[in-house]
Structures are given as structure tokens and as C-alpha cells.
Amino acid sequence: MSSIAALAAATLVAGCGGAGSTGSSGADGNTLTLWTHNAGNAAEYGVVKQIVKDFNASQSTYKVKIQAFPQGSYNDSVVAAASARKLPCILDVDGPNVPNWAWGGYLAPLDLSKGQVPVKSQLPSTVGTYQDKTYASGFYDVALTLYSRKSVLKKYGIRVPTLDKPWTKTEFTDALAKIKAGGKFTNALDLGTGDPGEWWPYAYSPMLQSFGGDLIDRSTYKTAEGELNGDKAVEWGKWFRSLVTKGYAPQKSSKSPGDDFRNGKTAIQWDGSWSGQANVDKFGSDLVILPPVDFGNGPKIGGASWQWGMSSTCSNKEGAQAYLNFSRQTKYFVDFAKATGTIPATDAAAQQAKGYETGGQFNVFLKEAQKFAVVRPVTPAYPYISTVFSKTAMDILAGADVKGALDQAVSQIDNNLSTSNYSAGS
Amino acid sequence: MATTLTPLSTRPAADAPPTRRAARGRARRRESLAALGMVSPAVFLLLLFFVIPVVLAFALAFTNARLVSPVPAQFTGLQNFRTLLDDPLFYKSLRNTFYFAAVVVPLQGGLALVLALLVNAKVKGVNFFRTVYFIPVVTSMVVVSILWTFMYQKTGLVNELISHLTLGLVHGPDWLNNPSTSMPAIILMSVWQGVGFHMIIWLAGLQTIPQDLYEAADIDGATRWVRFRYVTWPGLRTTRTFVLITITIAAFSLFAQVSVMTQGGPLDSTTTVVYQAVQTGYAQQQTGYASAISLAFFVLVLAVSLVQRFLTREKD
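First to last, the protein sequences are chains S and Y.
Counting from 7, one number per residue, gives the positions in the first sequence under our numbering.
Counting from 4, one number per residue, gives the positions in the second sequence under our numbering.
Structural data, given as C-alpha cells:
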């Protein structure tokens, strides 16, 4: 029994020590392993494969091998591999997780100065920084937006908002009331609430920020008090709930809100730029891509998508750096944007990606990302904050007492912050 | 002469017992070595996937270990358990878990028995029905959950059926988004999914009952009910205990349905202890606290199982 206990204790120490400095892996000599979350996404995976192929052909020193995972199990795989010190050299990471993984010691700081594209020319939200160091960099970002149809807005006498003059809260609520009264649509508004997980903080915390609240106090990153449960946040929660009680939006959207919009069940949809092409294909010039609503503190959307980094346990950091720098070519930024319908991270790439060039129909996404994007709080506590916010927002939508739910969320987050000794900030 | 002959003739005889004993000992040692060799893969796997995780969970419950952290875990004593006692979500999870078990155990066990009695009859097409009832069991719970999520939608199959059957008078609720119907909806689906499995176990039990007992009962002119009451029911005693305990443990570990269909909502009406533990351990990265929840859950299941064993023990 004592040997088992000793073994368990040894495993415990090994497992919980975090990815410290002792282990090293991810490369077999000059053959480096690369992990990506794109197993279920042929278009994006194709670009990754192309870059790796080009890199392997461009020089004879290093060889990169790809291992692809389905997105749903990717994060768990990385965390498990990190505990076992079996991380690959090169891996991709969802933007908001960068501080957590950097703090946990999974990621190593990067020197990206040798790439063709300078880091400075990228959209800020596509660069993952933590404590003044760059840990990850992405080829694209996505933007949140409202989709509707010109004909619908015209029919109900609703003003078409512009980037410079977005809808105000009153205007927006009036528009929803008019569409609801018209009785032609199952949903006047669809927020896409059928999708659990990271979508919730990504899609709805920008609304909270536009009301004037936030997930955490960003001046100290030590408390959520006053931000997540202040008057502004309560106002947001009440408004959010009212969308359901007034019958403007379904409490739980269907599994494919995009199809509901394209099939005419929904009048206005809150969705990402990735649906832009499909919506244009369906509605052509009748489609309008509208900026987010200004609830008082300016329009806001979430920033940061998938990015690339290097593990701290990588035994061939030169090779990993060489690959990452090689990948920083404008043509790959363009390829990603084309393959996935996302916003190219640089202006130069945007000019070459159809639709995103100046005057293009998707250029509005790029402008939104430049003007309105707010990155999710840069703190290792983010994964925790994310789950608490998702649950709280779901409870509010289901009819929980707004102030009580937000107070409880704050006390949970503050408790986590005070017991974990995070060091936060970009 | 005799003295010289005796040793000669007796020597082999005198030597024989120790030699035979040694041979037997060698054989036994070889046998136990072989046994050890054969059992070792199982023991290794048990150690790796059962003993070590259990011991780890016990140990981690007393630390502040986190899934992602640069600082090593520290011993924090009973801190996690103190937090647990103040955690309103834990009480809700406990209540939901007990609620689920209290309804599912009699419902699923009883329904399975009724089905088993029906398909145990000697009529044509019995195999067809056995298969039909068993199909949900072999289908993955995740797939079943996704399908039922569609059926439970506000304009889904269930509500359409209700509307048609009542000639449009009754409109069903939004099953999974209403705190008062979410748990019953999950219970209904879970019973439907699991009932086939326990039907098979009841069936196996029914077939162990000697046929001559039924014949004797027939000769005595026993009615169907009397036959069930005095032949079938007592004959199913061990099966009953087994079904009771397996359903109870399965009911306590309710997770997949909740994770796929409701994520514990709305308003915590479907959160369970296992769901809370997984959510805390993975999504919120609090390994230590999740271990404490698991430990509390383990003690709970153990206690309930022991009580059940006691109540269903052989009474002489």
C-alpha cells in the first residue's frame, strides 16, 4: 500500500508541477511535430498542410510533421499533453487561452522579427501577448456583426445603420418591436443561443461592454466587483432577458441559426463574419451587414481567434522559430482568409483577399475588427471567467434574478482570483 | 543380511517422500508463477486505470491542485470540503441527482420488468420486440441525446405529437428550457434509453426459474397474478438486487445527457454532482476542488449501495 501511495505521490508531483523547465520534447532531432485543431475543417487544414509542405521543401535542415485534432477535444489534448510533458513544438491556440497557457508554462515567448510580415502590421487582436511578451500570432480574425435584409428593414421603416452611425439601444429595440408586430418572422432577432461554450463570452460580453460593464476590472485584473455586477452590467442583464420575455429572440436558438436566417425565419441575426459568404450567396445585394449596436459605450465586438505558438518544452526551438517565421508571408495570410472566410490579419493581405479589399463587400468586417474589437481579458483566469460568465448569462436568459446572478458570478471570480495568484495584464 | 538388505530396499522408499514433495512444490511454484504471469496484465491495468486514479483523487482532494498552473499543488487540508459545504451549486446538484435516481430507479426497473414479462411470452416475433427494445441501449448516449434535443424543441416532434393528439388544444412547453420540465424530460429520455438493458437482465433472471414450478402452479389452478406473486417474484430475488444496484449507480452518475442537452441549466435545474465535478475539473481547471466533489460523491454512492445491500440481504 505504501508503494502505491509513493507512486501516486510521485505522479501527483509530476502531474501538477506544470510544464516546467525539466522536460523537453516535441521534436526528434530536426523533425518537429505540429498540432492543429483543424481535423474537422478541411479548408483551413488544407492551408496548414500547404504551408508545412512549402516549408519542408524550402530548406533541408528541418522537417515538420502535422498531427490534426478535432476542435472539440483539442484543448483537452493540449492540457493532457502538457501535464505529461509531451507537447509538440508548434501548436495552435485559441486567442483568449494564450495568457493561461503562457502563465501555465506551456508556451514559450516568440521572436517573429525574421518573418516577411512584420508583427506591427497585424491587427492587434491577432497577436497573443502576455506580460509584454509575444506568445502567439494568428493569420486572421473574425468579426461579430448583425445580418439583415434591405427589403425587411425598408418594409418596417427601419433606418439602415452605418459604421459611423450605428443603431442606438432605443432604435434597436424599436426595430425589434416593429418586426415582432409585423408577425412575419418566427424570430425578430436570433442571438445564436443554442451554441454552448466559448461562443457565449465571445458573442455577449461585447454587448455588456457596450453597456459600460466588463468581465473584470482591467486596470488591476484583481477583481470583477463593480464591472460585472455594477449598474451598467445589471442594465445589460435586464435588457438581455427582456429580449426573451418580449418575444424578440428565442431563449434557445436552433442548432443552425444561420440556416434560420437564410430560410427567412429570422429577421436580424447576430453572427460572425464566417457566415458572410453564405448569406451573400443566398440574398445577394438584398443582404445588409450591419455594425453592432451602440448601447451607450460605443459598439463592441470580440477580438482574437486561433493563433500559432511554440511550446516551452520544445527541444528544437530554432526549428520551431524558423517554421513560424517562414509562415509569415502575405500569401499565406491571404490563403487563410480565402479558405475560411475570415478577416486577413494585415492590410496588405486584405487587399488581395476578394471581398476584403477597400470597397469590397466584406471590408466592413475588417473595419469593425479595427474599430470595435475588444480582446477578452488578458489574464490566466480567463478560462475560469469564461465558464462563469457563460453560466450566468444562460441563467439570466432563463429568468434568474439579474443582480443576484451577477453578484454570485463576481464572488466566484473574485474567489478564484484571490486563491490563484495570477499575474495578469498584457 | 536383513540389516544390509533392508536399507537397500527401503532407501528408495525412504527417499521417495521428500522427492515427491519437492516435485509437487516445484509444480505448485511453477503454477503460481504462471498464474501470476496471467493475472499481471489485469493487475497492471487495474493499478494504472483504477487504483492510481482513485488514490490520486483522494490525495488531490486535500490540495489546491489546478489543471494549468506554474506553481506546484499545496496541501490545504479540509479547505476544499469547507468550500463544498458553502457551495449552493453542490446542494442543487445533490438534490437533482437524488431526484433523478429516486424517479429513474423504480420507473426504469419496473418498466424493464414489464417489458421482460411481455417479451418472455411464447409468441411469434418475440425476437423482433427484444431487438426493438434493445436498440436504444446500443446507440451512443450522445447520439440519443442530440436526437432528443431536436424532439424536445418548442416546435419539435414531441410538441407536434401533443398538439395533434389533443386536436391543437394543448401546446407543449419548451421542454429543455423550462426549469420545471427540463429534469422530467431528461428522465423520460434516460429511461427510454436504458430500459432495454435491464429488460435483458430481467429476461435472463426469468429464464432461470424452473418451468415445473409454473406447471405445478397451473395444476393448482393459480391465476396469472398469483403465479407472478408466488413463483416469478421470489424467483427473481438475486436478479432484483442486481438490477436495483446497477440502476442506482448508473442513475447517480448522470452526466452525458446533461452535458449534451442542457449544460446543467436552465437555472441549475439539471446540474448533477458528476456534471459539476467534470465542469469544475476541466472547464474551470480546479483539479483539487473537483477531486473533493468526486470524493464526496464516492462516499455517497458507497453509502447508498451499502444500505441497499443491507435491505436486500438474504434473510434466514
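Ideal Cβ positions, reconstructed from N, Cα and C, are used throughout, including at glycine.
Backbone secondary structure at D180 (chain S) - three-state DSSP
helix
Could you tell me whether any Cβ in chain Y is nearer than 7 angstroms to the Cβ of V85 (chain S)?
yes
Mark Q122 (chain S) as exposed unless 16 or more other C-beta atoms lie within 10 angstroms of its C-beta, in which case mark it buried.
exposed
Would you mind telling me which residues of chain S sit closer than 8 angstroms to N67 (chain Y), beta carbon to beta carbon, in chain order?
T425
What do you reckon, are the CB atoms on N331 (chain S) and K120 (chain S) nearer than 7 angstroms?
yes
With a cut-off of 7 angstroms, does the C-beta of N162 (chain Y) fall near any C-beta of chain S?
no
Tell whether a beta-carbon distance below 7 angstroms holds between S185 (chain Y) and T265 (chain Y).
yes
Answer yes or no: does any C-beta atom of chain Y fall closer than 7 angstroms to that of K6 (chain S)?
The structure shown does not extend to residue 6 (chain S), since chain S is modelled only from 7 through 432, so no value can be given for it.
By the 10 Å Cβ neighbour count, where 16 or more other Cβ atoms means buried, how is W206 (chain S) classified, buried or exposed?
buried
Element boundaries [alpha helix (DSSP H), containing A194 (chain S)]:
No alpha helix (DSSP H) contains A194 (chain S), which is instead part of the beta strand (DSSP E) from 193-196.
Helix, strand or coil: which one does DSSP assign to Y362 (chain S)?
coil
For G111 (chain S), would you say it is in contact with chain Y, using Cβ-to-Cβ distances shorter than 7 angstroms as the test?
yes
Skipping 5 residues on each side, what residues in its chain have a beta carbon closer than 7 angstroms to that of A326 (chain S)?
L38, C95, I96, M316, C320
Quick one: is E374 (chain S) buried, meaning 16 or more other Cβ sit within 10 Å of its Cβ, or exposed?
buried
Would you say N193 (chain S) lies against chain Y (beta-carbon separation less than 7 angstroms)?
no
Alpha carbons only, please: which of Y:A45, Y:A119, Y:L70, Y:R133 is nearest the one belonging to V246 (chain Y)?
Y:A119
Quick check on DSSP: helix, strand or coil for R85 (chain Y)?
helix
Have a look at N422 (chain S) and V46 (chain Y) and give me their C-alpha separation to the nearest angstrom.
39 angstroms
Proximal residues, the stretch 309-331 of chain S versus chain A, C-beta separation under 9 angstroms:
The structure shown contains no chain A; its protein chains are S and Y.
Can you list, in chain order, the residues of its chain whose CB lies under 7 angstroms from that of K228 (chain S), leaving out five sequence neighbours each side?
L423
Ordered along the chain, which non-local residues of its own chain (more than five positions away) have a Cβ less than 8 angstroms from that of K288 (chain S)?
R268
Residues of the stretch 369-394 of chain S with Cβ closer than 7 angstroms to any Cβ of chain Y, in chain order
P389, Y390, T393
When the distance is taken between beta carbons, is W41 (chain S) closer than 7 angstroms to Q73 (chain S)?
yes
Which ranges does the beta strand (DSSP E) cover as unbroken runs of at least 3 residues, wholly within the stretch 223-269 of chain Y, from first to last along the chain?
none
Rounded C-alpha distance that separates R224 (chain S) from K238 (chain S)
16 angstroms
Around the C-beta of V302 (chain Y), are 16 or more other C-beta atoms found within 10 angstroms, so that it is buried, or is it exposed?
exposed
Top-ranked residue by Cα proximity to A415 (chain S), from S:T425, S:K397, S:A404:
S:K397
For W151 (chain Y), report the span of its beta strand (DSSP E) as first-last.
Counting along the chain, W151 (chain Y) falls outside any beta strand (DSSP E), though it belongs to the alpha helix (DSSP H) covering 144-154.
The ligand NAD heavy atom lying under 6 angstroms from the CB of Q288 (chain Y)
No copy of the ligand NAD occurs in the structure displayed, which carries no ligand at all.
Sequence-distant residues of the same chain with beta carbon closer than 8 angstroms to I165 (chain Y), five excluded per side
V173, H174, G175
C-beta contact flag for L152 (chain S) and I274 (chain S) at 7 angstroms:
yes
From the DSSP output, read off the bridge partner residues of G236 (chain S).
For G236 (chain S), which the question treats as bridged, DSSP gives no partner whatsoever.
Which of the three DSSP states is assigned to K69 (chain S) in this structure?
strand
Would you check if the distance between the CB atom of L412 (chain S) and the CB atom of N303 (chain S) is smaller than 7 angstroms?
no
For A124 (chain Y) and chain S, any beta-carbon pair shorter than 7 angstroms?
no
Residues in the same chain with beta-carbon distance under 7 angstroms from L403 (chain S), minus the five sequence neighbours each way, listed in chain order, please.
T199, F246, R247, V250, Q257
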